[in-house]
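Below is one structure, written out as structure tokens; comments come after it.
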Amino acid sequence: MVGVLALQGAFREHIISLEKLGVKAKEVRTLSDLSSIDSIILPGGESTVQGKLLRALNMMVPLKSMIEQGLPVLATCAGLILLANKIDNDENTYLSTLPVSVKRNAYGRQVSSFITTSNLGPLNAVEMIFIRAPYITNVEDVVEVLSMHDGKITGVRYKNQIGLSFHPELSNDLRCHELFLKLTK
Ligand code: GLN
Numbered sequence: 000m001v002g003v004l005a006l007q008g009a010f011r012e013h014i015i016s017l018e019k020l021g022v023k024a025k026e027v028r029t030l031s032d033l034s035s036i037d038s039i040i041l042p043g044g045e046s047t048v049q050g051k052l053l054r055a056l057n058m059m060v061p062l063k064s065m066i067e068q069g070l071p072v073l074a075t076c077a078g079l080i081l082l083a084n085k086i087d088n089d090e091n092t093y094l095s096t097l098p099v100s101v102k103r104n105a106y107g108r109q110v111s112s113f114i115t116t117s118n119l120g121p122l123n124a125v126e127m128i129f130i131r132a133p134y135i136t137n138v139e140d141v142v143e144v145l146s147m148h149d150g151k152i153t154g155v156r157y158k159n160q161i162g163l164s165f166h167p168e169l170s171n172d173l174r175c176h177e178l179f180l181k182l183t184k
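Pasting the structure below:
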């Protein structure tokens, strides 16, 4: 069963994207919900709020170890921040399973939200919607870079984890979700 972390943020849109691909998802809201999933999407929203809720609900440590043991993850925007080993402009870290550094709200106030089209790994011309997005400032050698925008890394894969700065669930393009579903096979 595909799980979508449903504590805060744009989780419904991910569930709709999965439904369009014929996949029924489970909303993950509690510790016990974690036991019934074989993959998870971490949605965009507010990483500080999501991080606090994960801790308050005692989900942070179990979710971290599930990811370290191979649970496939698609993390978008705030979700990417939750996965990152380091956040350049924040002293917090959350799941710390992805060996990258990110910068929160990295595109500044003037152009904090925008849409662009770019390649993502094997995929051509993916529509990418950025909303107060982070970008990736540093990756360890083991991390595969999937996408860039303006010289900055916006998509990565490391083992069972895909991290994206943008919001594929707000686009009609379902190929990012398909890429994630392939990780689960
Ligand atoms: N700015 C948010 C954060 O720092 C991320 C924005 C998003 O997920 N669209 O957590």
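Sequential numbering from 0 applies to the sequence shown in numbering that gives the first Met the number 0. For glycine and all other residues, C-beta sits at the position ideal for the given N, C-alpha and C.
Query - Residue range of the unbroken beta strand (DSSP E) whose run includes E67 - result: Locating residue 67 in the sequence shown gives position 68, counting from the first residue. For E67, no beta strand (DSSP E) segment is defined; the enclosing uninterrupted segment is the alpha helix (DSSP H) at M59 to E67.
Stretch-stretch touch, CB-based, cutoff 8 Å, three pairs: the segment 78-93 with the segment 44-59: Yes, they touch.
As a quick exercise: from M127, V1, T96 and R108, pick the residue whose alpha carbon is nearest that of E18. Within the sequence shown, numbered from 1, the residue matching residue 18 stands at position 19. When only C-alpha atoms are compared, the closest one is V1.
| With respect to 6 Å, is the separation between the Cβ of G43 and the closest non-hydrogen atom of the ligand FMN below this value? | For the ligand FMN, the structure offers nothing, since it holds only the ligand GLN.
Distance, Cα to Cα, I152 vs V142?
For the purposes of this step, residue 152 is taken as the residue at position 153 of the sequence shown. For the purposes of this step, residue 142 is taken as the residue at position 143 of the sequence shown. For I152 and V142, the distance between alpha carbons rounds to 11 Å.
I'd like to confirm something about A5: is its beta-carbon nearer than 6 Å to some heavy atom of the ligand GLN, or not?
As a working note, residue 5 is residue 6 in the sequence shown. Every heavy atom of the ligand GLN is 6 Å or more from the Cβ of A5, so no.
State yes or no: is the C-beta of S16 nearer than 6 Å to some heavy atom of the ligand GLN?
Locating residue 16 in the sequence shown gives position 17, where the first residue counts as 1. No, the ligand GLN has no heavy atom inside 6 Å of this Cβ.
Q.
With a threshold of 6 Å (Cβ to nearest heavy atom), would A77 be considered close to the ligand GLN?
A. What you label residue 77 is simply residue 78 of the sequence shown in a count that begins at 1. True, at least one ligand heavy atom lies under 6 Å from that Cβ.
Nearest-angstrom beta carbon gap, S117 and R131 [assumed within contact, 8 Å]: Along the sequence shown, read from residue 1 onward, the residue named residue 131 stands at position 132. Along the sequence shown, read from residue 1 onward, the residue named residue 117 stands at position 118. Actually they are not in contact, since the Cβ atoms of R131 and S117 sit about 19 Å apart, beyond 8 Å.
Query raised in the report: Quick one, which of T115, I135, N137 and L119 has its alpha-carbon nearest F129's?
Result: Numbered from 1 along the sequence shown, position 130 holds the residue referred to as residue 129. Of the listed residues, the one whose Cα sits closest to F129 is T115.
With a Cβ-Cβ cutoff of 7 Å, do M204 and L52 count as a contact? Only positions 0 to 184 of the chain appear in this structure, which leaves residue 204 out of reach.
*Evaluate Q160 with the Cβ neighbour count: other Cβ atoms within 10 Å of its Cβ, from every protein chain shown; 16 or more gives buried, anything less gives exposed.*
By 1-based counting over the sequence shown, the position of residue 160 is 161. Q160 is buried by the Cβ-count criterion.
Practice item. Using alpha carbons as the reference points, say which of I40, F165 and E90 lies closest to P71. Key: Taking the sequence shown and counting its residues from 1, the one referred to as residue 71 is at position 72. The shortest Cα separation from P71 among I40, F165 and E90 belongs to I40.
Any idea if P121 is buried or exposed, counting beta-carbon neighbours within 10 angstroms, 16 or more meaning buried? For the purposes of this step, residue 121 is identified with residue 122 of the sequence shown, where counting begins at 1. Exposed, because fewer than 16 other Cβ atoms sit within 10 Å of the Cβ of P121.
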